[in-house]
Ligand SMILES: [Zn+2]
């Protein structure tokens, strides 16, 4: 007996030939898509189904993949607005990251995961860089487990960087970092039927010693997992890395043998042509964060040049302290518009390419393209149902990809399935009694953290338009 038959839908498969099937159905058994095709044929073939979902007038997409996040930062939304990066770090990020505790991480994680899920995201790579007290990463994993989302925890670390103003509270001894990473890998990697994975996440190349980078590469290979690292987000990243390692971060990663197919470089805004060739040569992957890059004025990543030479680029929100949300639908539109205006060329990037970045290319970026990223027989049942008539913004829907990228919002995401399990049903999360109660509680954790971290004054800041 089938578990689910989603019928009468427009299915955006993202398969190799990028087929969009009309009046089509998807059959789900346990965690997998077992059939996909014409509704009449599938209805005839599968007479016994636990639940039939009629998606007439609606579209089904593969679940979006958010390749870079700092979920705890959802407690900091709006506390660091309109600042240059160094002030944003010192006045908002660092004091919060140095003060946060595990329960607050969990509530920040819940808010971020809910936002992701409402925007059709089924896989999140969270880069947990705050490690000011033991076992903070466990709060992130707890949020993954509670919500049923597919989650990768990148255990962040910095073992140096004090000379650049990084607070002592966030810098850890190598032995402590190594012990915690091994604990997380042994406890959680591939747990919950494989939905939870653990990666290694040096915060930046210039915040990591050669010894720690070498060790990370060795362990990632041993555990058959990935490494993700912030790279060339700003010119400062390249300068600081040259001071520490004698060359920019891109060269350092290649020189130390870390740049490879399981290496996901975050941002890559300030790349040279040689860097781009190097990334392609090593088959390293890129996580593109348009919202954050604009919010912090980091610059415009050379996405058309990267994709032109065949570098895999996934899409991401980054943390909500520099976005200020975890809404992947919003990122689709920003990713497209950012390149169009920068190049003064509306043809430079298409809505189709942007959706590839958020689905099949995102899957490739995290080494999971055989399992997720498209709707095909044998793949995991990770998908969402999109209802265009849930809002005026998305009506009429002439082409589902155009509507999702340019005219949609979280209001349109009616159902989300991960691993064949429905985690959002009729617009509501299935794993919570009251989403509103959780959000109100998260506000309390956010206020409490702001008080402890000394960022509370940002809540009552003076009006600032005249200063500019
Ligand atoms: Zn980041």
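Numbering (this note's numbering), first residue to last: 279 to 746.
Backbone N, C-alpha and C define an ideal beta-carbon position, used for all residues, glycine too.
Treat the numbers as computed from the prediction; the structure is a model and nothing was measured.
Taking residue i as the reference, give the member of the options with the closest Cα.
i, options, result
"residue 472", "478, 479, 463, 332", "463"
"residue 712", "410, 345, 479, 389", "389"
"residue 415", "543, 397, 434", "434"
"residue 645", "290, 343, 339, 309", "343"
"residue 607", "518, 529, 680", "680"
"residue 297", "280, 339, 310", "339"
"residue 557", "568, 530, 578", "530"
"residue 592", "478, 546, 357", "546"
"residue 355", "724, 619, 567, 385", "724"
"residue 651", "743, 722, 428", "428"
"residue 335", "363, 410, 285, 740", "285"
"residue 329", "404, 451, 303", "303"
"residue 493", "582, 536, 386", "536"
"residue 659", "506, 289, 312", "312"
"residue 481", "616, 686, 634, 455", "455"
Is the beta carbon of residue j closer than 9 Å to that of residue i?
i, j, result
"residue 663", "residue 287", "yes"
"residue 466", "residue 419", "yes"
"residue 317", "residue 301", "yes"
"residue 596", "residue 544", "yes"
"residue 282", "residue 331", "yes"
"residue 584", "residue 554", "yes"
"residue 666", "residue 690", "yes"
"residue 613", "residue 348", "no"
"residue 352", "residue 570", "no"
"residue 406", "residue 479", "yes"
"residue 696", "residue 400", "yes"
"residue 459", "residue 430", "no"
"residue 364", "residue 443", "yes"
"residue 731", "residue 377", "yes"
"residue 386", "residue 417", "yes"
"residue 548", "residue 513", "yes"
"residue 476", "residue 503", "yes"
Could you have a look at residue i and say whether DSSP puts it in helix, strand or coil?
i, result
"residue 646", "coil"
"residue 749", "It is not possible to answer for residue 749, since the shown part of the chain is limited to 279 through 746."
"residue 387", "helix"
"residue 402", "strand"
"residue 446", "helix"
"residue 427", "coil"
"residue 663", "strand"
"residue 476", "strand"
"residue 303", "strand"
"residue 315", "strand"
"residue 693", "strand"
"residue 294", "coil"
"residue 287", "strand"
"residue 452", "helix"
"residue 323", "helix"
Got a list of residues with beta-carbon closer than 6 Å to any non-hydrogen atom of ligand 1, in chain order?
346, 348, 405, 508, 544, 596, 597
Secondary structure, beta strand (DSSP E): runs of 3+ residues fully inside the region 326-359
327-332, 337-340, 342-347
Entirely within the region 516-589 and at least 3 residues each: give me those beta strand (DSSP E) ranges in chain order.
541-545, 563-566
So within the region 485-515, which uninterrupted alpha helix (DSSP H) runs reach at least 4 residues, ignoring any that extend past its ends?
488-500
For the region 600-631, list the alpha helix (DSSP H) runs that are entirely contained and at least 4 residues long, ordered along the chain.
606-621
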